[in-house]
Every structure is written in C-alpha cells, then in structure tokens.
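Colleague:
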Amino acid sequence: MPLALLALAIGAFGIGTTEFVIMGLLPEVASDYGVSIPTAGYLVTGYALGVMFGAPLMTVLGTRVPRKRMLMLLMGLFIVGNLLSAFAPAFSVMLIGRVVASLAHGAFFGIGSVVAAGLVAPDKKAGAIAMMFTGLTVANVVGVPLGTLIGQSVGWRVTFAVVAALGVVGLAGIAKLVPDVPRVEGVRLRHEMAAFKNAQVLLAMAMTVLGFGGVFAAITYIAPMMTQVAGFADGSVTWLLVLFGLGMVGGNLVGGRFADRALMPMLYIALGALSVVLALFTLTAHDKIASAVTIFLIGALGFATVPPLQKRVLDHAHGAPTLASAVNIGAFNLGNALSAWLGGVVIAAGFGYTAPNWVGAVLAVSALLLAVVSAALERRASAPGAVVAGSVPAERRSVVVHH
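Under the numbering used here, the very last position in the sequence shown is 617; numbers go up by exactly one each time.
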C-alpha cells in the first residue's frame, strides 16, 4: 500500500475524532455557554446536516479542481472550522465552526476514496479504501477517548485545538505524499449527475443508509441501555465505545480484504450476521459480558459493509464517480439520523431501552434484501443484449459481476 494512503488516513482520523468527540464533551460545552444539554446537542445535529448537504455541494464546487488540490482545500476548511470551535466566544459561533468543519467531511471521504482506489491495482481497490477509512475507525478507539479525556481535564477548547493540529498534519501529509492526479478531462457536472440514473448506484446508497442505520439504532442509545439494563457504571460507557471502535477497525480491514475477492457474498454475510446480532442484543443487553461481546460484533459487522458498499458505488459510477462517492458518505449520516430518530420513537412509546435493537435488526434485514435485489438486477444486466431501465449509457457503465 502506498504511503499516500497514510496521509489520507491521518486526515480521516482527524475528521472522525471531531465528529464523535463532541458527544463526550456536551456537558462541559453546555456549562461554559450556559445552555441546556439538548441545546448543546445541536452541535451534533448541525454537524450531521453539514455532512449530508456539504458532501454534494463541496464535490460539485471541486469538479474543476485537481483532486489533490481539492483534498488540501478540504483539510484547510476542516482546520478553520475546528479553530473557530476552539476559540468561539458564543455558542452560535461554535455551531458555525462545527458546520464549517463538517462541510469537509463527505467530500474528503468521497474524493479520498476515488484517489485511494486509483493508487493501487484494480484487485486491491477495496483494500485501499479500507486503509483510508482505518483512520476513521481508529479515531473511535484512540482519538475520541483521548479527546474526551483532554476536554474533561484541561478544557474542551484544547480538544478542538488539538484536532485542528491533526488537520495540519493531514494537510502536510497530503501535500507531500499524495501524487498530483490530473483532473479528469471531459467530466462535467452532468456526467457526475448521470451516475444517479444507475439503479445500482442508488441501491448501494440505500444499503448504506439502512445497513449502517441498523448499527446506529443500537449505538446511539448505548449509554442508557448499558447502565439501566446491563448494570454497567456510567464510567464504563467510554470503554464500551472503545470496544465498539475496535470492532469497527477489525471489520473495516476484513471487509476491505474480502470485498476485493467476493464483494456481494461479503455483503450478504455482513448484513445477515448484523441482523442476527442486533436482534440478539435485546437479550444479551441484560448481561455484562454478553453485551460487551455483542457491542464489539456490531462494530465489526457494521463497518465490514463500508469498503464493499463504497467500492460498489465506484464500480457502477464508473467514469464520473466523485459525486456519487461523496453522496454515499452523506448516506451514512442520513442512516445515523434516521435510525437515531426511530430508536427514540420506540423508547418514547414505552418499549424500553433495548427496543432500538429491534429497529436496527429490521433496518439491517432491509439492507440485506436490497443487496439480493441488486445482485439479481446485476445478473439480468449481464445477460447478452440486456438493457436495464434507469442505468447509465453502456459506454459510461461498468458492470462488475462478483462470484
């Protein structure tokens, strides 16, 4: 794997840290600004919305910019946003800083996925994408707990200043290690938009929303579930999230490795197993050891779907993959928001803190069904003379059949 992937992984580490560390610092931020915890929660919501809308916006703005330069500009935006958060004199300014930082998120991973895939041989593309995403998964194991500790010990502003410094390291690494990739000539916004006429691209994005949504249906409410149902102390939640992060790291690497060999079987196994594990979590949540093992498995199986789904979008958006790749990153955040809302609905309805696990299981099963449909359409499209309605023209379509 080329060193350029390390630079991309460092950028991903910083982005992953700033996305999730705020969840552990909400009490401190709320106290400093004199706002309620729910109001401080807008810092999480604002970031998620920024990713969803920023991914296509920043990618479109960057269609005329070479990919390396665009990655550097995005890291610069990330640094500015985190510095603004670190020195914000008022809550509204910090919220703006969070949104500014989030605008870099989706486009960085979208463009970064395209660059990472282009750095290696065709049979190693998913592994290269997984290597970049390792930065995001490691952030949940190291960056978030460490950032939370720093914020609680010496102040939350220091945490965001450190994250901004990580952005500087990532920017320097990209400038030094990522090769100058020529801008793809002849690709305009209409070409990028054409990818969304491909049913396979849309199905992959829907699988992203539902599959990873299944993960966050459970993990969003992990704190009350583990303290009220499993009987863990409040301080144990941080280490349970570290365990979840370790699962994410392992699942990401395994998913990248096997997606290059057999993409669709990898998706079947990961989504099927995730459905079962989430359903079982309603039972294992009552036992400390069993719940800890289950949390690790949810992280592993959930993130095992990320490299294959991202690669599938790239495969079927062949010729103009950048916007589709970035929008797929936004789809992860859409899944997070949707599942967190649905989980809150079932809890509010009186079904208990384990009820979101059933929501997650249903979402994961739905993603699995879409994977089966996607594969069936792909087999039909590969038949001689077959034409699939809604797909991009043949000269712009790359159909990959995985066995």
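All residues carry an ideal CB built from backbone N, CA and C; glycine is no exception.
1. Helix or strand or just coil, what does DSSP make of ALA551?
2. Going by C-alpha to C-alpha distance, which of GLY255, GLY248 and ALA318 sits closest to THR434?
3. Rounding to the nearest angstrom, what Cα-Cα distance links ALA575 and ASN547 in this structure?
4. The alpha helix (DSSP H) with THR259 in it runs from where to where?
5. How big is the Cα-Cα spacing for ILE293 and ALA340?
6. Do you know offhand how far GLU609's Cα is from TRP453's?
7. Can you tell me whether VAL602 is helix, strand or coil according to DSSP?
8. Please go through the same chain and pick out, in chain order, the residues whose beta-carbon is closer than 7 Å to the beta-carbon of ALA437, but skip the five residues on each side of it.
9. Suppose you measure from the CA of ASN571 to the CA of LEU460; what does that come to, to the nearest Å?
10. Quick check: the Cα distance between SER588 and TYR247, rounded to an integer number of angstroms?
11. Under 8 Å, with one C-beta from each stretch per pair, do the region 575-586 and the region 420-429 reach the 3-pair mark?
12. Going by the beta-carbon positions, is the gap between THR568 and MET439 smaller than 8 Å?
13. If you drop the 5 nearest sequence neighbours on each side, which residues of the same chain put their C-beta closer than 7 Å to that of ALA551?
14. Mind checking which residues open and close the alpha helix (DSSP H) that includes ALA409?
15. Output the distance between the C-alpha atoms of GLY369 and GLY320, rounded to the nearest integer angstrom.
16. Starting from the C-beta of LEU350, find all residues in its chain whose C-beta is less than 6 Å away, skip the five residues before and the five after it, and write them out in chain order.
17. Tell me the DSSP secondary structure of GLY238 in three-state form.
18. Is LEU460 helix, strand or coil when you go by DSSP?
19. Straight-line CA distance for VAL614 to ASP529?
20. Using C-beta distances below 6 Å, list every residue in its chain close to HIS526, excluding the 5 sequence neighbours before and after it, in chain order.
21. With C-beta atoms as the reference, is LEU288 less than 8 Å away from ALA413?
22. So for ALA302, helix, strand or coil by DSSP?
23. Comparing C-alpha positions only, which one of ALA447, ARG281, LEU455 and ALA563 sits nearest to VAL328?
24. What's the call for ALA300, buried or exposed, on a 16-neighbour Cβ count within 10 Å?
25. So, are the CB atoms of MET480 and GLY469 less than 8 Å apart?
26. Below 8 Å between beta carbons: does that hold for ALA269 and GLY324?
27. Does VAL279 come out as helix, strand or coil in the three-state DSSP assignment?
28. Between the Cα of ARG475 and those of PRO522, VAL392, THR373 and HIS500, spot the shortest distance and give me the residue it belongs to.
Modeller: Checking against the coordinates, here is how it stands:
1. Taken through DSSP and simplified to helix, strand or coil, ALA551 comes out as helix.
2. The option with the nearest alpha carbon to THR434 is GLY255.
3. Looking at the two C-alpha atoms, the distance is approximately 18 Å.
4. First-last of the alpha helix (DSSP H) with THR259: 256-275.
5. ILE293 and ALA340: Cα-Cα distance of roughly 28 Å.
6. Any reading at GLU609 must be qualified, since the residue scores a pLDDT of 38, below 50, and its modelled position is unreliable; the value itself is stated next. In a straight line, the C-alpha of GLU609 is about 50 Å away from that of TRP453.
7. Confidence in VAL602 is poor, its pLDDT being 45 and thus under 50, which makes the residue's placement unreliable; the coordinate value appears in the next sentence. Three-state result, VAL602: coil.
8. Cβ within range, chain order: VAL451.
9. Each residue's CA atom was taken as its position, placing ASN571 and LEU460 some 20 Å apart.
10. Their backbone Cα atoms lie some 49 Å apart in a straight line.
11. A contact exists between the region 575-586 and the region 420-429.
12. Inclusion of THR568 and MET439 in the CB contact set at 8 Å is warranted, their separation being smaller than that value.
13. Excluding residues within five positions, the ones whose Cβ falls inside 7 Å are ALA262.
14. ALA409 -> no alpha helix (DSSP H), and no H or E assigned at all.
15. Going by the C-alpha atoms only, they are around 28 Å apart.
16. So the list reads ALA226 and GLY230, once near-sequence residues are dropped.
17. Helix at GLY238.
18. LEU460 falls in the helix class under three-state DSSP.
19. Residue placement at VAL614 is poorly supported in this model, since its pLDDT is 37, which falls under 50; the coordinates still yield a value, given next. Looking at the two C-alpha atoms, the distance is approximately 7 Å.
20. Residue identity check: residue 526 is Arg in the sequence provided, not His. Excluding positions up to five away in sequence, the list reads ALA418.
21. One thing to note: LEU288 has its Cβ no nearer than 8 Å to the Cβ of ALA413.
22. Under the three-state reduction of DSSP, ALA302 is assigned to coil, being neither helix nor strand.
23. Measuring from the Cα of VAL328, the nearest candidate turns out to be ARG281.
24. By the Cβ neighbour-count rule, ALA300 is buried, with 16 or more other Cβ atoms within 10 Å of its own.
25. If you check the CB distance, MET480 and GLY469 come in under 8 Å.
26. It is a contact, given that the beta carbons lie within the stated cut-off.
27. Look at VAL279 here: in three-state DSSP terms it is coil, with no helix or strand label.
28. When each option's Cα is compared against that of ARG475, the closest is PRO522.
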